[in-house]
Amino acid sequence: MKAIGNNEIKLIAMDFDGTLTRHKSKLDDVCRRVLDELARRYDLLIVGASSCEWIFDQTDGYPVDIIGYYGMRFSSVKDGKFTVKRECFAPIDTQSVIRRVNSLRAELGFTSYAGETVRFYTTGIISFPVLGTKATEEERLWFDPDRTKRRDVYGAVRDAFRDYTVFIGGESSFDLVPRPYNKLHALNDYIETKKIEHSQVVYFGDAYGEGENDEHIYKSDIRFICVNDAGEFPELAKKLL
Ligand SMILES: [Mg+2]
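Heads up: the sequence shown is residues 20 to 260, going by the working numbering.
Here it is, written out as structure tokens:
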């Protein structure tokens, strides 16, 4: 990765959860002020794994372009008004997915679950909630806080779903995103329309390990700044001011 001067940067792209805020929290005032300062020099873009609407809400309506759903939805804000600009959809073979998830449950010992075995979303994204769709929040939070249980079996889930990119998502699930969508794919789309090169982008992310949602960008030639705790973002970002 080549070091670049701040005057060559055009776009600051940022993950949301774990990077700008702690999980499910609102954007705080310190972070908001840093974003305001960055916005005076650069274009800003949030690239999240959850929905653009949730992210927009968590920012209390910050005027920034958002890529959501692992790169399957694009939104922007104009005159304070949130607009979905583009949505991608992919078909789902529900029977094949349920069969493969249940076979993984048997193989990996995840046979006890509450509610449904799989959750389907209209985009074509699928969630494999290890504890089932009706597990309580407490159960989900206790299951795998450091993600090691899911990291241990990540290879088996990935191999069963080669037609998807498998992410370790949420508190206790795997998110299956139809190929070719992922954050890097979406970021490439975005910068192509803006005529921005990889070398003019800086990305901040916290989830750059195997199976995590910033991994594709981390492994690309885009300059990646690792945020290991959301509280670090303001200090790290000030180096670009
Ligand atoms: Mg994150």
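Just so you know, even glycine gets a beta-carbon here, dropped at the ideal spot from N, CA and C. Computed from a prediction, not measured in an experiment: that's the story for all the values here.
Between which two residues does the alpha helix (DSSP H) containing residue i stretch?
{"i": "residue 56", "result": "48-60"}
{"i": "residue 183", "result": "Not the alpha helix (DSSP H): residue 183 falls in the beta strand (DSSP E), residues 183-188."}
{"i": "residue 133", "result": "Counting along the chain, residue 133 falls outside any alpha helix (DSSP H), and DSSP gives it neither H nor E."}
{"i": "residue 115", "result": "113-127"}
{"i": "residue 76", "result": "71-77"}
Anyone know if the C-beta pair for residue i and residue j falls short of 7 Å?
{"i": "residue 150", "j": "residue 132", "result": "yes"}
{"i": "residue 90", "j": "residue 201", "result": "yes"}
{"i": "residue 233", "j": "residue 34", "result": "yes"}
{"i": "residue 94", "j": "residue 103", "result": "yes"}
{"i": "residue 85", "j": "residue 74", "result": "yes"}
{"i": "residue 253", "j": "residue 50", "result": "yes"}
{"i": "residue 195", "j": "residue 235", "result": "no"}
{"i": "residue 249", "j": "residue 40", "result": "yes"}
{"i": "residue 217", "j": "residue 187", "result": "no"}
{"i": "residue 71", "j": "residue 92", "result": "yes"}
{"i": "residue 137", "j": "residue 117", "result": "yes"}
If contacts are defined as beta-carbon pairs under 8 Å, then residue i and residue j qualify, I think. What distance do you get, rounded to the angstrom?
{"i": "residue 259", "j": "residue 64", "result": "In fact, because the Cβ distance is near 14 Å, the residues do not count as touching under 8 Å."}
{"i": "residue 29", "j": "residue 62", "result": "6 Å"}
{"i": "residue 192", "j": "residue 147", "result": "6 Å"}
{"i": "residue 32", "j": "residue 246", "result": "That pair is no contact at about 13 Å."}
{"i": "residue 77", "j": "residue 45", "result": "5 Å"}
{"i": "residue 107", "j": "residue 142", "result": "7 Å"}
Keeping to the same chain, check which residues put their C-beta closer than 8 Å to that of residue i; ignore five residues upstream and five downstream.
{"i": "residue 175", "result": "123, 126, 127"}
{"i": "residue 177", "result": "185, 230"}
{"i": "residue 69", "result": "35, 36, 87, 88"}
{"i": "residue 119", "result": "179, 180"}
{"i": "residue 27", "result": "218, 219"}
Tell me which same chain residues have a C-beta within less than 7 Å of the C-beta of residue i, skipping the five on either side of it?
{"i": "residue 135", "result": "151, 152"}
{"i": "residue 237", "result": "224, 227, 243"}
{"i": "residue 158", "result": "150"}
{"i": "residue 169", "result": "163, 187, 193"}
{"i": "residue 113", "result": "139"}
Within the present structure, is the beta-carbon of residue i separated from the nearest heavy atom of ligand 1 by less than 6 Å?
{"i": "residue 40", "result": "no"}
{"i": "residue 133", "result": "no"}
{"i": "residue 175", "result": "no"}
{"i": "residue 248", "result": "no"}
{"i": "residue 37", "result": "yes"}
{"i": "residue 226", "result": "yes"}
Would you mind reading off the limits of the beta strand (DSSP E) that contains residue i?
{"i": "residue 236", "result": "Element bounds for residue 236: not the beta strand (DSSP E) but the alpha helix (DSSP H), 234-237."}
{"i": "residue 84", "result": "84-87"}
{"i": "residue 174", "result": "Segment 167-179 is the alpha helix (DSSP H) holding residue 174; no beta strand (DSSP E) there."}
{"i": "residue 104", "result": "100-106"}
{"i": "residue 215", "result": "No beta strand (DSSP E) holds residue 215; DSSP gives it neither H nor E."}
Quick one: residues in its chain with C-beta nearer than 6 Å to the C-beta of residue i, no 5 flanking neighbours on either side, listed in chain order?
{"i": "residue 205", "result": "86, 90"}
{"i": "residue 83", "result": "63, 65"}
{"i": "residue 42", "result": "36"}
Less than 6 Å separating the Cβ of residue i from some heavy atom of ligand 3?
{"i": "residue 34", "result": "Inclusion of ligand 3 in the displayed structure is not the case, the ligand content consisting of ligand 1 alone."}
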